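Student: To start, I am sharing the structure in question, which I have written as structure tokens.
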Amino acid sequence: MDAGLALSTVIAAMLGGAIRVTTPFLFVALGEMLTERSGRINLGLEGTLVLGAMTAYAFSYATGSPWIGVLAAGCFGFLMGTLHATICRLPGVNDIAVGIALMLFGTGIAFFFGKPYIQPTAPRLPSISLGAWTGDPRFEQALQINPLFLIGIALAIFLAWALKNTRMGLVLRVTGDSEAAARALGHPVMLIRLLATAVGGFFAGVGGAFLSLYYPGSWNEGLSSGQGLMAVALVIFARWDPIRCLYAALLFGAAGALGPALQSIGVTQGYYFFNAAPYILTLFLMIGSAGSKRALRDAPGELSLTR
Amino acid sequence: MPLDRFSRRSFLQGTAAGAAALSLGDIKLAAAQAKVTIGIVYVGPKDDFGWNQAHAVSVAALRSLPNVSIVEEENVPETAAVLKSMESMINLEGANLILATSFGYFNPFMVDAAKKYPKVTFRHAAPLWEKDKHPANAGSYFGYLDQAHYINGVAAGLATKTNKIGFVAAKPISSVLRNINSVLWGARSVNPNVTLQLIFTGDWALPVREAEAANALAGAGCDILTCHVDSPKVVIETAERRGIMSLGHNASQATLAPKGFITGAEYKWETIYRSYADDIAKGQPVPNMLAGGYEKDMVRNTAYGAGAPEAARKAADAAIADLKAGKRILKGPVKDNKGAVALPSADGYDNLDRVLDGMNFLADGVVGSIT
């Protein structure tokens, strides 16, 4: 294989990987961003992701419509978020501990009820071909785009706009930055946090639906392998900004495709290193960006991380 | 269904604990065909399209025998939890044959249980048992799946049009390397132009990375994919979606790829389990070590799918007949993919030669690297 062809294969694979792998990271990260902007951390989104994947698959199988599956996954995610927020209302409850409990709870019930859905094949989400103009089968394959990916991008842009320019966005930010100020202004702090956590859960559930209904596109118990937790970490990396969440997720997806892509063109030495590329890259970017004082300034003031 | 299992178990625990724990020796004397209760423990879900399913399908085939009953438990971690599972199977459900199907169950858990319950027969699905070290009522069994992967390779060698086979592997341990090399050897036995493109994912169950690897291999021009990971479901389904062919691993994945499935390498644990049940029923000693491939009917290939052309089926059938007759796969010295001689014997090697158990190289023709 000559160098030019090999390079374009790797670029096609990384582009494709970014498009295919990014979506669940993006949805979970946006959900977590929203929740943390209200002043709470929900570590349970890994559980919500797995539960969303299972319910989406089950509903898609039962109804024959994958979009009903996506909606069902969102609704179960909404319930999980509501549960988290309701428990956190109680006095003296730590949101991080509740999150870990709900992570185990979510994966547990997903495994329990998901058992009968490992074997059957459910209808999957369709994809849109945007690569025909390239005339190159590798890029055509890479540009098979799922509508959820586009919805995710639109959502990131919308959230960025809404946080800055709408009254609701302002109220959410005030609640997250200073509970006392929000109370003084007469805003129902607990209700706002409940809604932010529940909507965040909805997004994470939809992210799970992408996993089971599009890519890799089947339900089994090892499906998520920690992606929900990584996405929560991406929020800190993205400094609670929706657009940066999008960049971080894209970067993570593309870096994840590097290991397999290099091995497929014959660069096989050191595959453990290339498989670890997303984590190494994230680490270096974290080190690079943590030096500035900005990182802390962007953090919502009410987070138990910063308080 | 989980609910059935729970209610049944709690019913037994609640009411019939004493009755079920009858002394097994007495039963043996009383009946010519003694009752065999098999307790089998799985590390994951038994419908995973992989390792666990291969065991579950085989043990289920024994259900029709009148003197055999079966107790199963899934998702048992390789910790003290497996000891508890085995003890509850023995004490509450009267199991007299325990099958521990995951590598990490053996030491110390199964060995300890075997010491504690000398009348119960314990068998473990990896060749770890040693005569002087471990209790006499324990033992091992194993299938040489590389032979079935060799058949996969023979069929693939005549089915491929690009002469490139893709392989998604978890980790570079000897049993995985042996399966990889066997696919290539099988393919080259009928088509010397085949190369095998290899991707290691780094762990046993990483569905997203397995899908990425399968896509990358398809992108690199492979028209047949196979794998050695815990659950081959993702790789086989991705191959089918990309419109290319696939070869199975561990259990049957034929239903996942109605258009492109060629054949698959499967264990036939049934042969071993049936012989255990027979021996116990007749009161005979159960062999401590059972291992073999096609020559002992301990592995098989999945029925050919739509991806297998006529020539491939014929060649694979002929190769199966050869393996059953004990003919050698390796007929001369073997080179690795760096050009060095890895196995020097000019006469080749017997298919079950212990030297091959420690395989630590990738054969000439594999595009990939262990490190």
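Those protein sequence lines, which keep their order, are chains A and B.
Using the working numbering, you'd call the opening residue of the first sequence number 337 and step up by one each time.
Using the working numbering, you'd call the opening residue of the second sequence number 1146 and step up by one each time.
For glycine and all other residues, C-beta sits at the position ideal for the given N, C-alpha and C.
Keep in mind the model is a prediction, meaning the values are calculated, not measured.
(1) Alpha carbons only, please: which of B/Y1262, B/A1283, B/P1263, B/D1277 is nearest the one belonging to B/A1271?
(2) Please list the terminal residues of the continuous beta strand (DSSP E) segment that includes B/C1372.
(3) Can at least three beta-carbon pairs, one atom from the region 409-420 of chain A and one from the region 573-588 of chain A, be found at a separation below 8 Å?
(4) Run through DSSP, which three-state label would B/R1268 get?
(5) Is the region 394-405 of chain A touching the region 458-478 of chain A in the sense that three or more CB pairs, one from each, lie closer than 8 Å?
(6) Thinking C-beta only, is B/Y1449 closer than 7 Å to B/T1408?
(7) Mind pulling the beta strand (DSSP E) runs of 3 or more residues that sit fully within the region 1287-1349 of chain B?
(8) Would B/G1298 pass as a contact of B/G1331 if the rule is Cβ separation under 7 Å?
(9) Output yes if chain A places a C-beta closer than 7 Å to the C-beta of B/L1507; else output no.
(10) Sort A/I623, A/T604, A/L570 by Cα distance to A/F363 and report the nearest one.
(11) I'd like the span of the alpha helix (DSSP H) that includes B/S1230, first residue to last.
(12) Could you tell me the distance, in whole angstroms, from the CA atom of B/A1451 to the CA atom of B/G1388?
(13) Is B/M1504 close to chain A? Criterion is C-beta to C-beta, closer than 7 Å.
(14) With DSSP run on the structure shown, which of helix, strand or coil describes A/G541?
(15) Quick one: which residues of the region 1384-1406 of chain B get their C-beta closer than 7 Å to a C-beta of chain A? List them in chain order.
(16) If you measure between the beta carbons of B/V1188 and B/S1230, is that distance less than 7 Å?
(17) Can you pull the chain A residues whose beta carbon is under 7 Å from the beta carbon of B/L1362, in chain order?
(18) From which residue to which residue does the beta strand (DSSP E) around B/Y1412 run?
(19) When you compare only the Cα positions, how much space is there between B/R1208 and A/G537?
(20) What residue does the beta strand (DSSP E) around B/R1445 start on, and which one ends it?
(21) Just checking: is the beta-carbon of B/G1195 within a distance shorter than 7 Å of some beta-carbon in chain A?
(22) What residues are listed by DSSP as bridge partners for B/M1434?
(23) Under three-state DSSP, which class holds A/Q480?
(24) Within 8 Å, do at least three Cβ pairs link the region 1466-1484 of chain B to the region 1493-1511 of chain B?
(25) So, does the CB of B/E1357 fall closer than 7 Å to a CB anywhere in chain A?
(26) Taking B/Y1412 as the reference, give the member of B/A1201, B/A1179, B/A1350, B/T1383 with the closest Cα.
(27) Ends of the alpha helix (DSSP H) at A/G346?
(28) In this structure, does DSSP put B/T1182 in helix, strand or coil?
(29) Smallest Cα separation from A/S374: which of A/P483, A/R356, A/A518?
(30) Using DSSP with H/G/I as helix, E/B as strand and the rest coil, what is B/K1476?
(31) Between the region 1333-1349 of chain B and chain A, which residues of the former have a C-beta closer than 9 Å to a C-beta of the latter?
(32) Within a Cβ cutoff of 8 Å, which residues of the same chain sit near A/L495, ignoring the five residues on either side of it in sequence?
(33) Assign A/W469 to buried or exposed, taking buried as 16 or more other Cβ atoms, counted over all protein chains shown, within 10 Å of its Cβ.
(34) Should A/Y608 be labelled buried (16 or more other beta-carbon atoms within 10 Å of its own) or exposed?
(35) Do you know whose CA, among A/P483, A/L419, A/G353, A/V525, lies nearest A/L587's CA?
(36) Just to confirm, are A/P652 and B/A1356 a CB contact at a threshold of 7 Å?
Tutor: So, from the data block:
(1) Taking the first residue of the second sequence as position 1, residue 1271 of chain B is located at position 126. Cα-wise, what sits closest to B/A1271 is B/A1283.
(2) Walking along the second sequence from the start, residue 1372 of chain B turns up at place 227. Looking at the DSSP string, the run of the beta strand (DSSP E) that includes B/C1372 is 1369-1373.
(3) no
(4) As a first step, residue 1268 of chain B must be located in the second sequence, where it is residue number 123. Residue state, collapsed to three classes: strand.
(5) yes
(6) In the second sequence, the residue the question calls residue 1408 of chain B occupies position 263. In the second sequence, the residue the question calls residue 1449 of chain B occupies position 304. In contact: B/T1408 and B/Y1449 (Cβ atoms closer than 7 Å).
(7) 1309-1314, 1340-1345
(8) The count along the second sequence starts at 1 and reaches residue 1298 of chain B at position 153. The count along the second sequence starts at 1 and reaches residue 1331 of chain B at position 186. Against a cut-off of 7 Å, the Cβ pair of B/G1331 and B/G1298 comes out as a contact.
(9) Locating residue 1507 of chain B in the second sequence gives position 362, counting from the first residue. Closer than 7 Å: no.
(10) Walking along the first sequence from the start, residue 363 of chain A turns up at place 27. Closest option to A/F363, Cα to Cα, is A/L570.
(11) Position 85 of the second sequence, counting from 1, holds the residue named residue 1230 of chain B. Counting along the chain, the alpha helix (DSSP H) containing B/S1230 begins and ends at 1225-1238.
(12) To locate residue 1451 of chain B, count along the second sequence from 1; it is residue 306. To locate residue 1388 of chain B, count along the second sequence from 1; it is residue 243. If you take the alpha carbons of B/A1451 and B/G1388, they lie about 12 Å apart.
(13) On the second sequence, residue 1504 of chain B is found 359 positions in, with the first residue counted as 1. Judged by the 7 Å Cβ criterion, B/M1504 is not in contact with chain A.
(14) Indexing the first sequence from 1 puts residue 541 of chain A at position 205. Residue state, collapsed to three classes: helix.
(15) none
(16) Position 43 of the second sequence holds residue 1188 of chain B. Position 85 of the second sequence holds residue 1230 of chain B. Cβ distance not < 7 Å, so B/V1188 and B/S1230 don't count as in contact.
(17) One-based indexing of the second sequence puts residue 1362 of chain B at position 217. Correct list: S600.
(18) Within the second sequence, the letter at position 267 stands for residue 1412 of chain B. Run containing B/Y1412: 1406-1412, per the beta strand (DSSP E) assignment.
(19) Counting from 1 along the second sequence, the entry for residue 1208 of chain B is found at position 63. Counting from 1 along the first sequence, the entry for residue 537 of chain A is found at position 201. Taking the straight line joining both Cα atoms gives about 45 Å.
(20) Position 300 of the second sequence, counting from 1, holds the residue named residue 1445 of chain B. Start and end: 1444-1446.
(21) Locating residue 1195 of chain B in the second sequence gives position 50, counting from the first residue. Cβ-Cβ to chain A under 7 Å: no for B/G1195.
(22) As a first step, residue 1434 of chain B must be located in the second sequence, where it is residue number 289. Beta-bridge pairing links B/M1434 to B/S1285.
(23) Here residue 480 of chain A corresponds to residue number 144 of the first sequence, with the count starting at 1. Of the three classes helix, strand and coil, the one that applies to A/Q480 here is strand, per DSSP.
(24) yes
(25) Your numbering for residue 1357 of chain B matches position 212 in the second sequence. Chain A contact via Cβ: present.
(26) Stepping through the second sequence from its first residue, residue 1412 of chain B is reached at position 267. That would be B/A1201, whose Cα lies nearest to the Cα of B/Y1412.
(27) Residue mapping note: residue 346 of chain A aligns to position 10 of the first sequence, counting from 1. The sequence shown places Val at residue 346 of chain A, not Gly. From DSSP, the alpha helix (DSSP H) with A/V346 extends over 339-373.
(28) Here residue 1182 of chain B corresponds to residue number 37 of the second sequence, with the count starting at 1. Three-state DSSP puts B/T1182 in a strand.
(29) Here residue 374 of chain A refers to the residue found at position 38 of the first sequence. That would be A/A518, whose Cα lies nearest to the Cα of A/S374.
(30) Position 331 of the second sequence, counted from the start, is the residue given in the question as residue 1476 of chain B. In this structure, B/K1476 counts as coil in the three-state DSSP scheme.
(31) Q1342, L1343, I1344, F1345, T1346, G1347, D1348, W1349
(32) What you label residue 495 of chain A is simply residue 159 of the first sequence in a count that begins at 1. So the qualifying residues of the chain are L366, M369, L370, P578.
(33) Stepping through the first sequence from its first residue, residue 469 of chain A is reached at position 133. So A/W469 ends up on the exposed side.
(34) For the purposes of this step, residue 608 of chain A is taken as the residue at position 272 of the first sequence. So A/Y608 counts as exposed.
(35) Walking along the first sequence from the start, residue 587 of chain A turns up at place 251. The option with the nearest alpha carbon to A/L587 is A/G353.
(36) Here chain A comprises residues numbered 337 to 643, so residue 652 of chain A is not present and cannot be evaluated.
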